[in-house]
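Colleague: I'd like to ask some things about the structure below.
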Amino acid sequence: MPAPDQRPIFLTPSDLDNYRKAFESSILLGVSNKRTYFAVDIDSEKFASTLCNQKNGELLDLRHVVSVLNYQQGALMTLAQFMINWNSNNRFCGKCGHPTINSEAGNVCICQNSQCKQSHFPSMDPAIIVLVSSGEYCLLGSQKPWPKGMYSTIAGFVEPGENIEDAVIREVAEETGIKVKEIAYQSSQPWLFPSSLMLGFTATARSNKIRIAKNELEDARWFSREEIKDNLNQGLMRLPSKVSIAYHLIKTWYDKGDVGKLNPT
Numbered sequence: 508m509p510a511p512d513q514r515p516i517f518l519t520p521s522d523l524d525n526y527r528k529a530f531e532s533s534i535l536l537g538v539s540n541k542r543t544y545f546a547v548d549i550d551s552e553k554f555a556s557t558l559c560n561q562k563n564g565e566l567l568d569l570r571h572v573v574s575v576l577n578y579q580q581g582a583l584m585t586l587a588q589f590m591i592n593w594n595s596n597n598r599f600c601g602k603c604g605h606p607t608i609n610s611e612a613g614n615v616c617i618c619q620n621s622q623c624k625q626s627h628f629p630s631m632d633p634a635i636i637v638l639v640s641s642g643e644y645c646l647l648g649s650q651k652p653w654p655k656g657m658y659s660t661i662a663g664f665v666e667p668g669e670n671i672e673d674a675v676i677r678e679v680a681e682e683t684g685i686k687v688k689e690i691a692y693q694s695s696q697p698w699l700f701p702s703s704l705m706l707g708f709t710a711t712a713r714s715n716k717i718r719i720a721k722n723e724l725e726d727a728r729w730f731s732r733e734e735i736k737d738n739l740n741q742g743l744m745r746l747p748s749k750v751s752i753a754y755h756l757i758k759t760w761y762d763k764g765d766v767g768k769l770n771p772t
């Protein structure tokens, strides 16, 4: 619920006096600068609207505003959303089907069946994301649901029993037909929309002929730095949010060239 200047609004316990239900499912997020942060699930549209009016705020999709938040705010907001969704999705035991109860301040769900008592813990799904290059070109793809002109790096989930390097090889080949080598890990990013841990890589193409998997991508092509620069300047191309690891991978590659630095779009 950002304020007009795009800062998130943090509620105090007194703000929720008329909605005590929220305290029953509050989730401890952590402590920062001697302040303790909790996530609460406000499932009443009427009460949420009242809070917005009182705080001069607006309810917005976190995915659409995370890029304007600073690192700490973004990390806290995405963690809150993830934990609320996780608790909502684990109200019943996945082993026996009985109801669960929150424990450890909302960070564990325990089955209430005395014959089961299974503990369920939050987890993220590992996914690879890779910037593939060939000489002075990089490989970017576009998916049909994305805004027109949006291109990003190749990404996909790691399959059970698969190491992350093999996941890079498989995903790039499946989506674009390109074979890669010289796979190098770069960095990681939790991307809790809804629950991914993005593992960032670079790789070098062993082949250049693209064969698009239409069920995966709408388009894929090789871009030079000059093409990216010109397309961005003409409004013909969009890149991922500047807070995403995809943007970081693209920018790191782009900035090694001789056409200047890549500016956020």
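Residue 616 in the working numbering is what sits at position 109 of the sequence shown, and the numbering runs on without skipping anything.
Backbone N, C-alpha and C fix where the C-beta goes; we use that ideal spot for every residue, glycine too.
#1: Look at the Cβ atom of Gln619, then the Cβ atom of Pro606, and state whether they are nearer than 8 Å.
#2: State the Cα-Cα distance for the pair Lys768 and Pro701, rounded to the nearest angstrom.
#3: Would you mind working out which of Thr519, Tyr761, Val538 and Glu666 sits nearest Gly642, comparing C-alpha positions?
#4: Using the beta-carbon count (16 or more within 10 Å), is Ile757 buried or exposed?
#5: Going by C-alpha distance, which of Pro697, Val679 and Gln693 is nearest Phe785?
#6: Got a sec? Which residues, its chain only, sit under 6 Å from Ala727 by beta carbon, not counting five neighbours each side?
#7: Pick out whichever of Ser640, Gly656 and Gln650 has its Cα sitting closest to the Cα of Gly764.
#8: Check each candidate in Ile516, Asp632 and Ile608 and name the one with the smallest Cα separation from Ile534.
#9: Relative to the alpha-carbon of Trp729, which residue among Ile752, Ile685, Asp632 and Phe599 has its alpha-carbon at the smallest distance?
#10: Going by C-alpha to C-alpha distance, which of Tyr658, Pro652, Ile635 and Leu704 sits closest to Ile676?
#11: Alpha carbon to alpha carbon, what distance is there between Cys603 and Asp524?
#12: With DSSP run on the structure shown, which of helix, strand or coil describes Arg745?
#13: DSSP three-state label for Glu669, please.
#14: In chain order, which beta strand (DSSP E) runs of at least 3 residues are fully inside the stretch 712-764?
#15: How many Å lie between Leu583 and Ile735 at the Cα?
Modeller: So, from the listed chains and residues:
#1: In this structure, Gln619 sits near Pro606, with a CB-CB distance shorter than 8 Å.
#2: The straight-line gap from Cα to Cα measures roughly 31 Å.
#3: Across the set Thr519, Tyr761, Val538 and Glu666, the C-alpha of Tyr761 shows the shortest separation from the C-alpha of Gly642.
#4: Burial check for Ile757: the Cβ neighbour count within 10 Å reaches 16 or more, so the residue is buried.
#5: Past the edges of the chain, shown from 508 to 772, lies residue 785, and the structure says nothing about it.
#6: Here the set comprises Gly648, Thr683, Ile717 and Ile719.
#7: That would be Ser640, whose Cα lies nearest to the Cα of Gly764.
#8: When only C-alpha atoms are compared, the closest one is Ile608.
#9: Scanning Ile752, Ile685, Asp632 and Phe599 for the CA closest to the CA of Trp729 turns up Ile685.
#10: Selected option, being the one with the closest Cα: Ile635.
#11: If you take the alpha carbons of Asp524 and Cys603, they lie about 36 Å apart.
#12: Correct three-state label for Arg745: strand.
#13: It is coil, neither helix nor strand.
#14: Residue ranges of uninterrupted beta strand (DSSP E) with 3 or more members, entirely inside the stretch 712-764 and ordered along the chain, are 726-731.
#15: When rounded, the distance between both Cα atoms is 33 Å.
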